[in-house]
Each structure stands twice: as structure tokens, then as C-alpha cells.
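Enquirer: Can you read through this structure? Questions will come right after.
Residue numbers (the working numbering): 15 to 264.
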């Protein structure tokens with residue numbers, strides 16, 4: 015699990031080094047600035063970018079997936095939609111047959127779409143940002159990922175795919191690649207949602223820092239030299255580093 019305290023510790027370190035005052039009065043005046051600096055710093059370093067390092071041979075793999083997506087889009091337009099139209103205009107005595115053909119076409123589409131998406135989610139031969147581009151191409155040409163399901167479970171939106179490789183490492187092949195792909199999509203989406211929530215909440219932490227700073231200024235008439243000495247020592251320490259928590263390598 016990621017060290018969620020790291021962005022705050024590093025942002026506070028940078029803010030302290032940048033605006034450390036030389037007097038007690040300056041310290042009191044700049045407490046609020048520290049809170050604002052922490053908020054800005056957290057927003058900047060909390061964002062995790064997807065891996066964009068090209069993998070050898072990925073261009074051919076990407077082209078193959080793009081072709082599969084385009085073929086799937088064509089199948090939907092030329093087969094699924096046509097069976098739906100045939101069902102709509104069929105006579106009452108032909109409705110049952112038309113329904114059967116429509117259901118079969120849709121089932122074939124769902125199965126093929128699931129296979130294509132499973133390939134992308136489990137593919138470790140392309141970069142994460144390339145996978146994100148392929149998933150966007152799927153949505154542009156075919157439709158929402160959530161419309162494709164396996165045994166009642168819907169594929170999840172993993173955003174910019176920044177956590178795809180970690181999810182692939184978490185769920186190794188155990189006999190059913192479709193189920194593995196679903197697990198990967200759910201895990202990557204959960205990490206992406208957590209990151210999004212963290213970025214949304216970051217400004218609130220900054221606001222809290224400002225409010226706490228104001229409270230300190232109201233409650234403390236004097237800041238001792240010992241407090242400034244502690245702050246100076248903190249600023250002189252090396253930059254904080256993430257605590258090792260067994261997280262996946264990115």
C-alpha cells in the first residue's frame with residue numbers, strides 16, 4: 015500500500031526550507047503560508063503518472079488490438095444492429111425467431127468484446143499509457159467499458175491506467191484469463207479511484223493547515239526559540255522518502 019503520509023511530509027519539508035523565518039514574529043506571520051504551501055505541494059506530488067516506457071514489439075501489439083476493436087465495431091453495426099432492426103420490423107409470427115437471432119448476435123458481440131478487453135487488461139507487452147489509449151479507442155468505437163460483462167461483472171474504467179501493471183502483478187494467471195482480466199480491471203480501478211479522491215481532498219488538507227495555523231497564532235502569544243530551533247533542524251534534514259510498505263514497483 016502506498017505511503018499516504020509521504021506527500022505531506024515532503025511538501026512540509028519543502029515549504030519549511032523555502033519560508034523558514036528568521037524571527038519569532040516572522041514565524042507567526044508565516045504559519046498560514048505553510049498550510050497553503052503544503053496544499054499546493056501535495057497536489058503536485060500526489061499525482062501518479064502511467065508508465066510510458068515503450069516495450070519492445072509493442073507497436074505491432076497495439077496495431078493488432080486496434081484492428082480487433084475496429085472489427086468489433088463493424089460487427090456491432092453490421093450484425094447486432096441489423097438483427098435488432100429485423101426484430102423491430104418482423105411480423106408477430108416471426109418475432110420469436112427474430113428474438114433468437116438478435117440474442118445470439120448480442121451474445122456473440124459480448125463474448126468477443128470481453129475477449130478483446132481481457133487481452134488489453136492482461137497485456138504486459140505494452141506501456142500503461144498505450145493501454146489507456148487502447149481502452150479509449152474501444153470506448154470511442156464500441157461503447158462504454160461498463161457495458162461489457164463477464165458472468166454479471168462489468169469491466170471497470172481504470173482512468174489513465176497508472177496502476178495497470180501493479181494489478182497485473184497482483185493477479186497472475188490461474189487458469190481463466192477472462193476472470194483474471196476482470197480482477198485486474200477492478201483492482202486498477204480501485205487504486206485509480208483512491209488516487210482521484212486523494213487529489214480532490216488535497217486542497218482540503220491545505221485549508222485545514224491554514225485554519226490550524228490561525229488557531230495556533232490566536233492561542234500562542236509567543237513562540238519560543240526552542241520551537242524555531244526544532245523547525246530549523248527539520249529543514250536541515252535530508253528530504254523525506256516514502257516508507258517501504260511492500261508496494262509494487264512502478
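Beta carbons: idealized from backbone N, C-alpha and C, even for Gly.
With 16 as the cutoff for other CB atoms within 10 Å, does residue 66 come out buried or exposed?
Expert: For the purposes of this step, residue 66 is taken as the residue at position 52 of the chain shown. With fewer than 16 other Cβ atoms within 10 Å, it is exposed.
Enquirer: Taking the continuous alpha helix (DSSP H) assigned at residue 130, which residues delimit it?
Expert: Taking the first residue of the chain shown as 1, we reach residue 130 at position 116. It spans 109 to 136 - the alpha helix (DSSP H) in which residue 130 sits, taken as one unbroken run.
Enquirer: Apart from the five residues on each side of it in sequence, which residues of its chain come closer than 7 Å, Cβ to Cβ, to residue 140?
Expert: Sequence index remark: in the chain shown, residue 140 carries index 126 (1-based). Once the five neighbours on either side are set aside, the close Cβ partners of residue 140 are 69, 72, 75, 76.
Enquirer: So, do the segment 164 to 177 and the segment 104 to 117 have three or more beta carbon pairs nearer to each other than 8 Å?
Expert: These segments do not touch.
Enquirer: Please return the same chain residues whose Cβ sits closer than 7 Å to the Cβ of residue 134, not counting the five positions on each side in sequence.
Expert: For this step, residue 134 is matched to residue 120 along the chain shown. Cβ within range, chain order: 79, 145, 148, 149.
Enquirer: If you count every other CB in all the chains shown that lies within 10 Å of the CB of residue 119, and 16 or more means buried, which is it?
Expert: Working through the chain shown from its first residue, we reach residue 119 at position 105. When all chains shown are included, residue 119 counts as buried.
Enquirer: Once DSSP output is grouped into helix, strand and coil, what is the label at residue 70?
Expert: Against the chain shown, residue 70 aligns to sequence position 56. Coil, per DSSP.
Enquirer: According to DSSP, residue 265 sits in a beta bridge with which residue or residues?
Expert: Since the displayed the chain opens at 15 and closes at 264, residue 265 lies outside it and no answer follows.
Enquirer: Among the residues of its own chain, which have a CB less than 7 Å from the CB of residue 194, if the five just before and after it don't count?
Expert: Walking along the chain shown from the start, residue 194 turns up at place 180. Hits under 7 Å: 136, 185, 187, 188.
Enquirer: Spatial neighbours of residue 200 within its chain, please: C-beta separation below 6 Å, excluding the five flanking residues on both sides.
Expert: Along the chain shown, read from residue 1 onward, the residue named residue 200 stands at position 186. Here the set comprises 170.
Enquirer: Just to confirm, are residue 121 and residue 192 a CB contact at a threshold of 8 Å?
Expert: Position 107 of the chain shown, counted from the start, is the residue given in the question as residue 121. Position 178 of the chain shown, counted from the start, is the residue given in the question as residue 192. For residue 121 and residue 192, no; Cβs fall outside 8 Å.
Enquirer: Taking the alpha-carbon positions, what's the residue 88 to residue 103 distance?
Expert: Here residue 88 corresponds to residue number 74 of the chain shown, with the count starting at 1. Here residue 103 corresponds to residue number 89 of the chain shown, with the count starting at 1. Approximately 22 Å between the Cα atoms of the pair.
Enquirer: Determine whether the beta carbon atoms of residue 182 and residue 198 lie at a separation below 8 Å.
Expert: Your numbering for residue 182 matches position 168 in the chain shown. Your numbering for residue 198 matches position 184 in the chain shown. Cβ distance < 8 Å, so residue 182 and residue 198 count as in contact.
Enquirer: Suppose you measure from the CA of residue 202 to the CA of residue 130; what does that come to, to the nearest Å?
Expert: The count along the chain shown starts at 1 and reaches residue 202 at position 188. The count along the chain shown starts at 1 and reaches residue 130 at position 116. Between residue 202 and residue 130, the C-alpha separation is close to 18 Å.
Enquirer: Do you know how far the Cα of residue 156 is from the Cα of residue 64?
Expert: By one-based count along the chain shown, residue 64 stands at place 50. By one-based count along the chain shown, residue 156 stands at place 142. In a straight line, the C-alpha of residue 64 is about 24 Å away from that of residue 156.
Enquirer: Given residue 116, which residues of its chain have a CB within under 6 Å of its CB, disregarding the five upstream and five downstream residues?
Expert: In the chain shown, the residue the question calls residue 116 occupies position 102. Here the set comprises 97, 98, 101.
Enquirer: Which residue marks the beginning of the alpha helix (DSSP H) containing residue 143, and which one marks its end?
Expert: In the chain shown, the residue the question calls residue 143 occupies position 129. 142 to 155 is the span of the alpha helix (DSSP H), which, as asked, contains residue 143.
Enquirer: When the Cα of residue 90 is compared with those of 124, 138, 143, which residue comes out closest?
Expert: For the purposes of this step, residue 90 is taken as the residue at position 76 of the chain shown. The residue with the shortest Cα to Cα distance from residue 90 is 124.
Enquirer: Tell me where the alpha helix (DSSP H) around residue 97 begins and ends.
Expert: As a first step, residue 97 is located in the chain shown; it is residue number 83 there, counting from the start. Start and end: 95 to 103.
Enquirer: Our contact map puts residue 159 next to residue 126 with C-beta atoms below 8 Å; I'd like the distance itself, whole angstroms only.
Expert: Against the chain shown, residue 159 aligns to sequence position 145. Against the chain shown, residue 126 aligns to sequence position 112. At roughly 14 Å, the Cβ-Cβ gap does not stay under 8 Å, so residue 159 and residue 126 are not in contact.
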